[in-house]
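Numbering (the UniProt record's numbering), first residue to last: 1 to 396. The next block holds one structure in the form of structure tokens; read it before the comments.
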Amino acid sequence: MSTPKILILGAGYGGLLTTLKLQQKLHYNEAEVTLVNKHDYHYLTTWLHEPAAGTAPASRAQVDLHKIIDKTKVNFVKGTVASIEPEAQTATLEDGTVLSYDYLVIGLGSEPETFGIEGLREHAFSIRSINAVRQISEHIRYMFAKFKNDPTHTEYLTFVVGGAGFTGIEFCGELGDRIPELCEEFDVNPDLVKIYNIEAAPSALPGFDKELVDYAMEVLMKKGIEFKINTPIKQCTPEGVLLATGEEIKSATVVWTGGVRGNSIVERSGFEVMRGRVKVDEYLHAPGYENVFVVGDCALIFNDQGRPYPPTAQIAGQEGENCGDNLVALVRGELMQKFTPELLGTLASLGKGEGMGQVGDKKLFGSSAALMKKASDLRYLVKIGGIGLAMKKVKL
Ligand code: FAD
Ligand code: NAD
1 MSTPKILILG AGYGGLLTTL KLQQKLHYNE AEVTLVNKHD YHYLTTWLHE
51 PAAGTAPASR AQVDLHKIID KTKVNFVKGT VASIEPEAQT ATLEDGTVLS
101 YDYLVIGLGS EPETFGIEGL REHAFSIRSI NAVRQISEHI RYMFAKFKND
151 PTHTEYLTFV VGGAGFTGIE FCGELGDRIP ELCEEFDVNP DLVKIYNIEA
201 APSALPGFDK ELVDYAMEVL MKKGIEFKIN TPIKQCTPEG VLLATGEEIK
251 SATVVWTGGV RGNSIVERSG FEVMRGRVKV DEYLHAPGYE NVFVVGDCAL
301 IFNDQGRPYP PTAQIAGQEG ENCGDNLVAL VRGELMQKFT PELLGTLASL
351 GKGEGMGQVG DKKLFGSSAA LMKKASDLRY LVKIGGIGLA MKKVKL
């Protein structure tokens with residue numbers, strides 16, 4: 001049999017860790033491995049709330065793929081996937097290039113879930129990539145400049161964050177740190193600035209431990225965040241948002257953090273999906289395709305109670321490693337291992353030096369949570385690029 005071709009789409013947590021496993025374990029000529037990614041960098045999606053608010057440069061969340069991919073073992077293609085043709089065993093890029101495979105790994109991440117809410121796509125920002133967050137932080141700064149030119153427009157200083165899940169909460173933590181800096185820089189009275197975090201459910205961080213949620217809200221309220229809970233956003237317009245209560249908030253900056261769905265390319269390519277995610281089997285196979293694996297936010301897996309696991313970097317990385325090991329096993333004619341997520345806990349940042357979370361049955365608050373989060377970031381960076389990369393990237 002000729003050398004099998006393994007094609008990996010997306011260099012996020014799932015796709016990159018699959019690739020690194022293959023790079024580490026496969027011997028010369030055992031397989032031809034190709035990784036396709038839109039950019040020639042990997043980004044730490046889990047850090048994007050910082051550059052979005054402007055509390056850290058976007059470059060800090062970028063990792064140069066050329067420095068971590070061994071090109072003698074992996075072909076790297078910088079390109080944008082347009083479609084997958086599972087029957088023909090090919091993927092087509094936007095520039096027309098067609099790549100064929102024997103085994104495919106789909107790790108194309110997620111897209112904002114707008115639930116069909118009118119105007120969100122057109123008028124709201126989303127925290128979803130390096131380029132997207134650069135635009136958000138530049139826009140926020142520009143609003144201060146615009147206000148100085150025309151102080152009658154208070155909507156320039158009104159910021160709406162739609163959704164108080166972990167992304168919304170972490171972003172508000174950063175925004176709460178950034179706004180005082182901008183007020184000082186532009187000589188703006190901080191009392192004129194309004195930041196609303198609007199949540200449809202009866203609680204922020206629905207389903208999460210109440211004591212930790214209360215702590216997070218308290219920290220954020222002290223930073224000037226105003227919560228509107230149990231208040232769905234109904235519409236987004238160029239002027240701001242309309243709430244289900246009938247209230248209208250005039251704002252020149254709406255950041256939608258109301259949830260995610262799997263990359264739409266997967267559904268458009270004919271795979272069966274739920275909210276854009278493929279319900280995979282215990283080996284992460286797409287139904288009906290033993291040679292197609294799905295990892296990360298594009299994959300849907302369930303716990304023993306039949307509840308879906310949330311899409312997280314933690315699970316995406318573990319899926320990537322399992323998939324890499326199983327591809328090595330397949331190439332060598334060995335048995336694959338079933339995937340079982342190992343939940344290590346949840347940690348969220350609430351701005352500089354602040355955080356909260358749960359690791360095992362231990363609840364963490366304040367600086368100890370922030371430190372634990374840094375430790376987990378360090379571990380990840382060491383895994384993908386060694387201690388040198390970790391020391392360069394993590395702010396100690
Ligand atoms: P991603 O990491 O999103 O990577 C997808 C990759 O595919 C990207 O490189 C992208 O450029 C590429 N790509 C996309 N489309 C194409 C295309 N058409 N062609 C080629 N390439 C393409 N989870 C946690 O566990 N812990 C956290 O602390 C945490 N914090 C978060 C903070 C924020 C602000 C956000 C937004 C999310 C956070 N998450 C966290 C969730 C976590 O980031 C995601 O679950 C994780 O990134 C999913 O990994 P992935 O590999 O599926 O996709
Ligand atoms: P999410 O789905 O977890 O939260 C979205 C929130 O928006 C929900 O609370 C939802 O009720 C709310 N919402 C939905 N429609 C709304 C509306 N019309 N008006 C107002 N509110 C509305 O999405 P997310 O926060 O982007 O997180 C995505 C995934 O990434 C999750 O799995 C999350 O656990 C993970 N994540 C983890 C961390 C961390 O561990 N530190 C940080 C960020 C994200």
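For each residue, glycine too, the CB sits at the ideal point set by N, CA and C.
Contact under 8 Å by Cβ, His139 with Phe147: Stepping through the sequence shown from its first residue, residue 139 is reached at position 139. Stepping through the sequence shown from its first residue, residue 147 is reached at position 147. Between His139 and Phe147, the gap from beta carbon to beta carbon reaches 8 Å or more.
With 16 other CB atoms within 10 Å as the buried threshold, where does Ile387 fall? Locating residue 387 in the sequence shown gives position 387, counting from the first residue. With fewer than 16 Cβ atoms within 10 Å of its Cβ, Ile387 is classed as exposed.
At what residues does the alpha helix (DSSP H) containing Tyr380 begin and finish? For the purposes of this step, residue 380 is taken as the residue at position 380 of the sequence shown. Where Tyr380 is concerned, the enclosing alpha helix (DSSP H) stretches over Gly366 to Lys393.
Cα separation between Leu343 and Asp150? Taking the first residue of the sequence shown as position 1, residue 343 is located at position 343. Taking the first residue of the sequence shown as position 1, residue 150 is located at position 150. Leu343 and Asp150: Cα-Cα distance of roughly 50 Å.
Near Thr55, which residues of its chain fall below 7 Å by C-beta distance, leaving aside the five closest residues on each side in sequence? Taking the sequence shown and counting its residues from 1, one reaches residue 55 at position 55. The beta carbon of Thr55 sits closer than 7 Å to those of Glu174, Asp177 and Arg178, all from its chain and outside the five residues before and after it, given in chain order.
Find out if the Cβ-Cβ distance for the pair Glu248, Gly240 is shorter than 8 Å. For the purposes of this step, residue 248 is identified with residue 248 of the sequence shown, where counting begins at 1. For the purposes of this step, residue 240 is identified with residue 240 of the sequence shown, where counting begins at 1. Result yes, Cβ atoms of Glu248 and Gly240 sit closer than 8 Å.
Smallest Cα separation from Thr114: which of Lys73, Ala204 and Gly258? Against the sequence shown, residue 114 aligns to sequence position 114. Among Lys73, Ala204 and Gly258, the Cα nearest to that of Thr114 belongs to Gly258.
Report yes if the CB atom of Asn230 is closer than 8 Å to the CB atom of Tyr103, and no otherwise. By 1-based counting over the sequence shown, the position of residue 230 is 230. By 1-based counting over the sequence shown, the position of residue 103 is 103. No, they are not a contact pair.
By the three-class DSSP mapping on this structure, what secondary structure does Ala56 have? Within the sequence shown, the letter at position 56 stands for residue 56. Residue state, collapsed to three classes: coil.
Spell out the partners DSSP gives Tyr101 in its beta bridges. The residue labelled residue 101 in the question sits at position 101 within the sequence shown. Tyr101 has no beta-bridge partner at all, per DSSP.
Using DSSP bridges, identify the partner residues of Asp187. The residue you call residue 187 lines up with position 187 of the sequence shown. Note: Asp187 sits in no beta bridge, so no partner.
Leu284 lies in the beta strand (DSSP E); which residues open and close that run? Working through the sequence shown from its first residue, we reach residue 284 at position 284. The continuous stretches of beta strand (DSSP E) do not include Leu284, and DSSP gives it neither H nor E.
Look at Val74 and Leu35 and say whether their C-beta atoms are less than 8 Å apart. Locating residue 74 in the sequence shown gives position 74, counting from the first residue. Locating residue 35 in the sequence shown gives position 35, counting from the first residue. Yes.
Pairwise C-alpha distance: Asn189 and Gln23: In the sequence shown, counting from the first residue as 1, residue 23 sits at position 23. In the sequence shown, counting from the first residue as 1, residue 189 sits at position 189. Linking Gln23 to Asn189 through their CA atoms gives a straight-line distance of about 54 Å.
Report yes or no: do three or more beta-carbon pairs, one from the segment 72-92 and one from the segment 42-60, lie closer than 8 Å? Short answer: they don't touch.
Taking C-beta to C-beta, are Ile195 and Gly163 nearer than 8 Å? Locating residue 195 in the sequence shown gives position 195, counting from the first residue. Locating residue 163 in the sequence shown gives position 163, counting from the first residue. When the beta-carbon positions are compared, Ile195 and Gly163 stay at least 8 Å from each other.
What number of angstroms, rounded off, separates the C-alpha of Glu199 from the C-alpha of Trp256? Taking the sequence shown and counting its residues from 1, the one referred to as residue 199 is at position 199. Taking the sequence shown and counting its residues from 1, the one referred to as residue 256 is at position 256. Cα-Cα distance, rounded: 11 Å.
For Asp377, does the count of other Cβ atoms within 10 angstroms reach 16, so buried, or fall short, so exposed? Within the sequence shown, residue 377 is the residue found at index 377, counting from 1. Buried, because 16 or more other Cβ atoms sit within 10 Å of the Cβ of Asp377.
DSSP three-state call for His153: helix, strand or coil? Here residue 153 refers to the residue found at position 153 when the sequence shown is read from its first residue. Looking at His153 - three-state DSSP - the assignment turns out to be coil, as it is neither helix nor strand.
Rounded to whole angstroms, what's the CA-CA distance from Lys5 to Gln358? Just pull it up for me. The sequence position of residue 5 within the sequence shown is 5, counting from 1. The sequence position of residue 358 within the sequence shown is 358, counting from 1. When rounded, the separation of the alpha-carbon atoms in Lys5 and Gln358 is 41 Å.
CB contact flag (Leu26, Ala216, <8 Å): Sequence index remark: in the sequence shown, residue 26 carries index 26 (1-based). Sequence index remark: in the sequence shown, residue 216 carries index 216 (1-based). Not closer than 8 Å, so no.
Can we count Gly163 as close to the ligand NAD, meaning its CB is less than 7 Å from some heavy atom? Along the sequence shown, read from residue 1 onward, the residue named residue 163 stands at position 163. Yes, the ligand NAD has a heavy atom inside 7 Å of this Cβ.
Are Ala316 and Tyr13 close, meaning C-beta to C-beta below 8 Å? If you number the sequence shown from 1, residue 316 lands on position 316. If you number the sequence shown from 1, residue 13 lands on position 13. Here Ala316 is near Tyr13, since their CB atoms are less than 8 Å apart.
Quick check: is any heavy atom of the ligand NAD less than 7 Å from the C-beta of Ala200? Taking the first residue of the sequence shown as position 1, residue 200 is located at position 200. Checking every heavy atom of the ligand NAD against the Cβ of Ala200, one is found closer than 7 Å.
When Ile301, Gly296, Glu272 and Leu389 are compared against Tyr289, the one with the closest alpha-carbon: For this step, residue 289 is matched to residue 289 along the sequence shown. The shortest C-alpha to C-alpha distance from Tyr289 to any of Ile301, Gly296, Glu272 and Leu389 is the one to Glu272.
My understanding is that Leu331 touches Ala31, with C-beta atoms under 8 Å, so please give their C-beta distance in whole angstroms. On the sequence shown, residue 331 is found 331 positions in, with the first residue counted as 1. On the sequence shown, residue 31 is found 31 positions in, with the first residue counted as 1. This sequence places Val at residue 331; Leu is not what is there. The C-beta distance from Val331 to Ala31 rounds to 5 Å, short enough to meet the 8 Å contact threshold.
Burial state of Leu192, where buried means 16 or more other Cβ atoms lie within 10 Å: As a working mapping, residue 192 is identified with position 192 in the sequence shown. Leu192 counts as exposed, since fewer than 16 other C-beta atoms from the protein chains shown sit within 10 angstroms of its C-beta.
Asn326 (DSSP reduced to helix, strand or coil): Position 326 of the sequence shown, counting from 1, holds the residue named residue 326. When DSSP states are grouped into helix, strand and coil, Asn326 belongs to the helix group.
Unbroken stretches of the beta strand (DSSP E), 3 residues or longer, contained in the segment 161-237: The DSSP assignment places complete beta strand (DSSP E) segments of no fewer than 3 residues inside the segment 161-237 at 194-198, 225-228 and 233-237, in order along the chain.
Between Asn322 and the rest of its own chain, which residues show a CB-CB distance below 6 Å, the 5 nearest in sequence each way excluded? Translated into the one-based positions of the sequence shown, residue 322 becomes position 322. Cβ neighbours of Asn322 beyond the five flanking positions: Phe339.
Three-state secondary structure (DSSP) at Asp95? Here residue 95 refers to the residue found at position 95 of the sequence shown. Three-state result, Asp95: coil.
Near Ile127, which residues of its chain fall below 8 Å by C-beta distance, leaving aside the five closest residues on each side in sequence? Reading the sequence shown from its first residue, position 127 is the one you call residue 127. So the qualifying residues of the chain are Leu48, His49, Ala52, Val133, Ile136, Thr167, Phe171, Val255 and Thr257.
Going by DSSP, which residues form a beta bridge with Met274? Looking up residue 274 in the sequence shown gives position 274. Arg277.
DSSP three-state call for Met356: helix, strand or coil? Within the sequence shown, the letter at position 356 stands for residue 356. Under the three-state reduction of DSSP output, Met356 falls in the strand class.
Could you pull out every unbroken alpha helix (DSSP H) segment of at least 4 residues lying fully inside the segment 11-43, listed in chain order? Correct list: 13-25.
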